[in-house]
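Letter by letter, the sequence shown follows residues -5 to 144 of my numbering.
Below you'll find the structure, written out as structure tokens, and then a few comments.
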Amino acid sequence: MSMCLPPEPRSMIWLIDLQGSELASVQADGTDLIVIFSAAKVSGDRRQLDPLIGGGHLRGVHWRLHQARWTGDLSSLIGRIDEADWRIEAQAPAQARQPRQADQVCAPSQGSGPVHLRLHTAMGDTLVVDAQGWFVARPPDAAFSPSLAC
């Protein structure tokens, strides 16, 4: 089962586009894998005056994949994500609150059950992960930077 977590007071749920986001690092923590974003891309409508609607980037988002098995050199996985595939294997459409697109994830969110993640960076490195659950956290000091694109 998967779900975006309900917003806490004065916080919100962010829809992160994996493609176009930037990795700070990927780290192993026992059987878990932690993906740390230097800039998690948040899509929006650039015509909007409100920067929260106009899109931008969140800094400091951590994505923990539980009981993970992976291939890829973790030390080389940095920089922009060019391709992404995120699948919740046992997701029932009626229960699903995660985005249906294969390159988006909610922050914060969590779930249990089989999941699959494939990231390919602009530097040519690939990470493939199969895990038994996930937790996406937005630390209290995470900052949103609005897009400056015209």
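By construction, the Cβ of each residue, glycine as well, lies at the ideal position given by its N, Cα and C atoms.
This one's a predicted model, so the numbers in the text were calculated from it and none came from an experiment.
- Item | For Ala137: DSSP bridge partner residues | Partner(s): Arg53.
- Message: I'd like to check one pair, Thr115 with Leu71: are the Cβ atoms closer than 8 Å?
- Response: Contact: yes.
- Message: Is it buried or exposed, Pro3, if we count other Cβ atoms within 10 angstroms and call 16 or more buried?
- Response: Bear in mind that the predicted position of Pro3 carries a pLDDT of just 44, short of 50, making it unreliable; the figure below should be weighed with that in mind. When all chains shown are included, Pro3 counts as exposed.
- Message: Can you tell me whether Arg41 is helix, strand or coil according to DSSP?
- Response: Model confidence at Arg41 stands at a pLDDT of 48, short of 50, so the residue's coordinates are unreliable; what they give is reported in the following sentence. Note: Arg41 maps to coil in three-state DSSP.
- Looking at C-alpha atoms only, which residue of Ser15, Gly49, Arg53, Met117 is the closest neighbour of Pro133? Of Ser15, Gly49, Arg53, Met117, the residue nearest in Cα terms is Arg53.
- Coil, strand or helix - Leu71 by DSSP: Note: Leu71 maps to coil in three-state DSSP.
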